[in-house]
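Q:
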Amino acid sequence: MKAVAALLAFLLPAAAIAGPLPQPFERGSWSALLEAHRGHAMIVHFWGVTCGPCLAELPDWGKFAARHRDLDLVMIDADPVAVAPADIAAMLDKAGLDKVESWRFADSFTERLEFEIDPQWHGELPYTLLIKGNGAVEPVLGAADFAALQRWPGQ
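Take 1484 as the starting number for the sequence shown in the numbering used here and just add one per residue.
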């Protein structure tokens, strides 16, 4: 009986997460992500659990996602340190982003992933890529300007 109680105590915190765990983002994931969303406007937002500005704006991303359910929004935790997938999912859930496609860097050589995404990017967070349906990419470094995102022509 004690073993069952211990197992339940271990599993219950993870079961409380409403959204799915973020997918591992590894070499080749960027190409797969672009292929999966080909022909659709998409916003890819790179954030981090260890990034103060990222955490401050997460609830705003949740509100934006709720207002733009037709837009492909992808959240990628690009932390240079390993963070438990359940912790990432819990933060996204709390911000109202539990229904948004999410990934997490799963390669300790983060520079390789960053270069695959954008050779000009060196891992600064927050970082957002606005990708039009035709594949044109507009990078945005720093906190999001949600008023400008409302007017983004890719929508």
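C-beta atoms are modelled at their ideal positions from N, C-alpha and C, and glycine is treated no differently.
1) If you reduce the DSSP assignment to three classes, tell me which class Leu1490 lands in.
2) How do the stretch 1536-1552 and the stretch 1620-1632 stand: do at least 3 beta-carbon pairs fall below 8 angstroms, yes or no?
3) Can you tell me whether DSSP reads Asp1555 as helix, strand or coil?
4) Out of Gly1502, Gly1579, Arg1595, which one is the CA nearest neighbour of Ser1512?
5) If you count every other CB in all the chains shown that lies within 10 Å of the CB of Ser1591, and 16 or more means buried, which is it?
6) Under the three-state reduction of DSSP, which class applies to Ser1512: helix, strand or coil?
7) Write down the C-beta distance between Pro1536 and Pro1609 rounded to the nearest angstrom, noting that I regard them as a contact closer than 8 angstroms.
8) Pick helix, strand or coil for Pro1622, following the three-state DSSP scheme.
A: In this structure, then:
1) Here residue 1490 corresponds to residue number 7 of the sequence shown, with the count starting at 1. For Leu1490, the predicted structure reports a pLDDT of 28, less than 50, and the residue's modelled location is therefore unreliable. The matter cannot be settled from this model.
2) Yes, they touch.
3) Here residue 1555 corresponds to residue number 72 of the sequence shown, with the count starting at 1. Asp1555: strand per DSSP, three-state reduction.
4) Against the sequence shown, residue 1512 aligns to sequence position 29. Ser1512 has its Cα closest to that of Arg1595, out of Gly1502, Gly1579, Arg1595.
5) Numbered from its first residue, the sequence shown carries residue 1591 at position 108. So Ser1591 counts as exposed.
6) Position 29 of the sequence shown, counted from the start, is the residue given in the question as residue 1512. Three-state DSSP puts Ser1512 in a helix.
7) Sequence index remark: in the sequence shown, residue 1536 carries index 53 (1-based). Sequence index remark: in the sequence shown, residue 1609 carries index 126 (1-based). Contact flag correct, Cβ pair sits at about 6 angstroms.
8) Within the sequence shown, residue 1622 is the residue found at index 139, counting from 1. In this structure, DSSP gives Pro1622 an extended state, which the three-state scheme calls strand.
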